[in-house]
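What follows is one structure encoded as structure tokens, with my remarks underneath.
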Ligand SMILES: Cc1cc2nc3c(=O)[nH]c(=O)nc-3n(C[C@H](O)[C@H](O)[C@H](O)COP(=O)(O)O)c2cc1C
């Protein structure tokens, strides 16, 4: 088992996350999306041990290897996790056999549209079935086939993608379908986005790119490094040159592999034209190209000739962090988004910039500069106490690596209890400010403009 303390949700998020928590059987309905060559037992089990949700990526691995990975993940965690099988992979039918025989709790059908009989078979094995929806007609069809939940993945995502944008899919699917939980994937790296999506009705979120740079993720260091350096606009999607060779678009960082893919498409088109290859065989070669080139980059670290599949969220990913820290940050930020929404509904002007987010919690702030180790200690004390709290600023730029300017925030009604609990803690409080619950005073325009740059 992984000796990691689970990440804690908050009472506010628990209310918002009820459907996602119940569906996945976890406290934090944030999934690490399956990533071929990357989502292996270690990463998957750690996600689940931390109270979130991991998904194994079957890719096109030999079926016996998938069975072994399921066993290994079960050895590492007794918490829920899922497996993602790719409908267009040559080993797909054998993968379906394995996940059903292993009686996995959650089966994700990806890559294309599964048959209704396959969805039924997965459900009969006892699994909850999750299908991807990149258009409204696919969403409707998957629900008709019996999918228990949908992942709404839009074109910002990394890997194989649909063509429809976030704003449109939200309106076409999330706002119109309410019979199954809907999880959102693609372009998400900040927990505030998760908070806002859940306020719109999402059950939770699935992220890929952000988790690639987790310290515990087994992707090659050069692969991670490329992610940390890249900007959003460098994660581009592949074109389709002709309807004679339909290809699923892939979003990846621009490099030589992307150009090689362009050339491969043209060669295959020419072969189709001359009758030297059938369309399905050409499509198979395309998928074969991606699986091989992703392996070259993610496993072997060949970042020029291999595929650097990444979402546009890559621009929001700047450094490597322990997985627990990433998840805790996502939860804290999601909570912050909900607090901000509550405050806005009360007519308050709430800044978006994280540098002033501490003002979102009514007048109460336990202000300090913490030693890095102290943050973990204070967190462990508060986590068992039932006191809702938020560390804000843990991720600000730090001058001294041992000192982090962090603010501990507690709602007014819990402030006394928090102060009492931390009374004997030998940390360097700069001060404890217990506010009066009054709304923060509006700032003048100049300050507003000046402060907004921190966002
Ligand atoms: C390197 C990489 C490999 C991926 N492999 C798969 C896969 O095998 N199956 C799948 O359904 N999705 C795959 N995805 C998509 C992710 O599961 C997830 O939905 C996506 O990364 C979300 O978008 P984001 O990267 O912007 O967070 C992959 C994504 C990346 C970045």
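Numbering (our numbering), first residue to last: 4 to 458. Heads up, the beta-carbon is just placed ideally off N, CA and C, and yes, glycines get one too.
Residue pairing by DSSP places residue 258 in no beta bridge whatsoever. In this chain, the alpha helix (DSSP H) harbouring residue 227 covers 224-232.
For the pair residue 198 and residue 341, the Cα-to-Cα distance works out to about 6 Å. For the 8 Å CB-CB criterion, residue 97 and residue 110 do not form a contact.
For residue 348, the enclosing alpha helix (DSSP H) begins and ends at 326-348. Residue ranges of uninterrupted alpha helix (DSSP H) with 4 or more members, entirely inside the stretch 93-171 and ordered along the chain, are 95-104, 119-127, 139-148. Counting C-beta atoms within 10 angstroms of its own C-beta, residue 327 has 16 or more neighbours from the protein chains shown and is therefore classed as buried.
Annotated three-state conformation of residue 312 is strand, per DSSP.
Between the alpha carbons of residue 61 and residue 47 lies a gap of roughly 12 Å.
About 14 Å separates the beta carbon of residue 45 from that of residue 73, a gap too long to meet the 8 Å contact definition.
Contact between the stretch 297-307 and the stretch 211-224 is present: three or more C-beta pairs spanning the two stretches fall below 8 Å.
When beta bridges are read from the DSSP output, residue 35 appears opposite 57, 210.
For residue 246, the number of other beta carbons within 10 angstroms of its own is below 16, and it is reported as exposed. In the structure shown, residue 84 falls within a strand segment according to DSSP collapsed to helix, strand and coil.
Taken through DSSP and simplified to helix, strand or coil, residue 187 comes out as strand. Residue 89 sits in a strand when the DSSP states are folded into three classes.
For residue 86 against residue 53, the beta-carbon gap comes to about 19 Å, at or over 8 Å, which does not count as contact. The Cβ atoms of residue 20 and residue 201 sit closer than 8 Å to each other. Shown here, residue 238 sits in a strand according to DSSP, grouped into three states. In the displayed model, residue 412 falls within a strand according to three-state DSSP. Annotation: residue 40 is outside any alpha helix (DSSP H) and is labelled neither H nor E by DSSP. Residue 83 sits away from residue 153, with the two beta carbons spaced by 8 Å or more.
Rounded to the nearest angstrom, the gap between the Cα atoms of residue 297 and residue 310 is 5 Å.
DSSP lists 163 as the beta-bridge partner residues of residue 253. 179 is the residue among 127, 179, 164 whose C-alpha sits nearest the C-alpha of residue 139. Looking only at 100, 275, 165, 323, the smallest Cα-Cα distance to residue 231 is reached by 323.
According to DSSP, residue pairing for residue 67 in a beta bridge does not occur. Closer than 7 Å to some heavy atom of ligand 1: that does not describe the Cβ of residue 63. Spatial neighbours of residue 162 in its own chain (CB-CB distance under 6 Å, excluding positions within 5 residues in sequence) are listed in chain order as 312.
Spanning the alpha carbons of residue 56 and residue 63 requires a straight line of approximately 22 Å.
At the C-beta level, residue 158 and residue 240 come within 8 Å of one another.
By the CB criterion at 8 Å, residue 190 and residue 170 fall outside the cutoff. For the pair residue 145 and residue 417, the Cα-to-Cα distance works out to about 45 Å. Here residue 13 is buried, its C-beta having at least 16 other C-beta atoms within 10 Å.
Residue range 14-19 is occupied by the alpha helix (DSSP H) that includes residue 17. Here residue 147 is exposed. Its C-beta has fewer than 16 other C-beta atoms within 10 Å.
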